[in-house]
Amino acid sequence: MNDAVVLKLVENVRKDEPRVGTRKLHHRLQGTLDRIGVSVGRDKLFSILRTADELVKPKRSYQKTTYSRHSYAVAPNRIKDREVATPGEVLVSDITYLRLRNGRFAYLFLTTDLYSRMIVGYHVSLDLSHHSALLALQMAVDRTSGLEGAIHHSDRGSQYCCHEFRTALARYGILSSMTDEAHCYQNAVAERVNGILKDELNLDAVFSDFYGLRAAVAQAIMVYNTKRTHFSLGLRTPMEVYSQAA
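Residues 11 to 256 in this note's numbering are what the sequence shown lists, from first letter to last.
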């Protein structure tokens, strides 16, 4: 009987976070389980989920979105040894692909606050034009106060190296920073955010149309910012960390 109760609680959490893992589930459910008098340790929860075939299964997929063989100037890596202490100090950006039916793709441009891991700007496009990078940046600027002197970090993709994007950064008083050549891991947080949205919040689905895809992106980002906890944030949400520190 207790197993059925636990599975129902897990089902309720996974309505918003369909691929949340066992460790976070145990942390999330502990208060509710205590209130209803059900004792379930982490190993027991793992066993219940395994028996019910409810453990999260890994996904793997990859599509290249970075074109770095261009003639634009690149910026140095300004955050390599930097300890980020406040929201708005460093923004990180990246692009990931999303699937539409009939083999088509759309592209999600994301800008994330590095300190809190909160997504502060995004744009969905049917192409990889730098205009979408500018729109994601503009949203971040509109939502984030005090960006004068902040750092924008990205890979060496043409969208972030082009004159228009660098001019926009200068206009907002933001310094450009980029990964060293062939060192994509130097933008790991931005890439990790992409992975969470796709692997855990189902943005790796094949969407029937662009409008449905955009609605799914907005929903996934809302859940990511306000409900999905991070071990690196002490099992708090990005919104909690951003709001408490801002």
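Glycine residues also receive a C-beta, built at the ideal position from the N, C-alpha and C atoms.
I'd like to know whether the C-beta atoms of Ala116 and Val100 end up nearer to each other than 8 Å.
no
Excluding the 5 residues preceding and the 5 following Ser57 in the sequence, name in chain order all residues of the same chain whose CB lies nearer than 7 Å to its CB.
none
Distance check for Val216 and Ala178, CA to CA, integer angstroms please.
33 Å
I think Ala143 touches Gln169, with their Cβ atoms under 8 Å apart; what is that distance to the nearest whole Å?
4 Å
Option in Ala180, Asp190 and Ile161 with minimal Cα separation from Arg1
Nothing can be reported for residue 1, as the shown portion of the chain is limited to 11 through 256.
Endpoints, the beta strand (DSSP E) within which Ala116 is located:
Arg114 to Asp123
Please report the distance separating the alpha-carbon of Tyr77 from that of Arg224.
Caution applies to Tyr77, whose pLDDT of 49 falls short of 50 and renders its modelled position unreliable; the model cannot decide the point.
Candidates Met128, Ser49, Gly222 and Ile231: which alpha carbon is nearest Leu12's?
Correcting the residue identity first, residue 12 is Asn in this sequence and not Leu. Comparing Cα-Cα distances from Asn12 to each of Met128, Ser49, Gly222 and Ile231, the minimum goes to Ser49.
Find out if the Cβ-Cβ distance for the pair Tyr234, Leu207 is shorter than 8 Å.
yes
Counting pairs of Cβ atoms below 8 Å between the segment 30-48 and the segment 237-244, do you hit three or more?
yes
I'd like the span of the beta strand (DSSP E) that includes Gly131, first residue to last.
Ile129 to Ser135
Leu110 versus Leu147 - alpha carbon distance
25 Å
Between the alpha carbons of Phe119 and His37, how many angstroms are there, rounded?
31 Å
Hey, how far is the Cα of Ser218 from the Cα of Ala230?
17 Å
Less than 7 Å between C-beta atoms, sequence neighbours within five positions excluded: which residues of the same chain meet that for Leu243?
Arg127 and Val251
The beta strand (DSSP E) that contains Arg153, what's its start and end?
Unbroken run through Arg153 is the alpha helix (DSSP H), His140 to Arg153; no beta strand (DSSP E).
Would you mind working out which of Arg114, Leu108, Pro97 and His140 sits nearest Thr122, comparing C-alpha positions?
Pro97
By Cβ distance below 7 Å, which residues in the same chain neighbour Tyr72 in space, the five residues on each side in sequence not counted?
Since pLDDT at Tyr72 reaches only 49, below the 50 mark, its modelled position is unreliable, and the value read off the structure follows with that caveat. Around Tyr72: no qualifying Cβ.
For Leu136, which option in Val151, Thr154 and Gly113 has the closest C-alpha, if you only look at C-alpha atoms?
Gly113
Got a sec, what are the start and stop residues for the beta strand (DSSP E) Asp104 sits in?
Val100 to Leu110
What residues match up with Phe217 in a beta bridge as DSSP calls it?
Leu110
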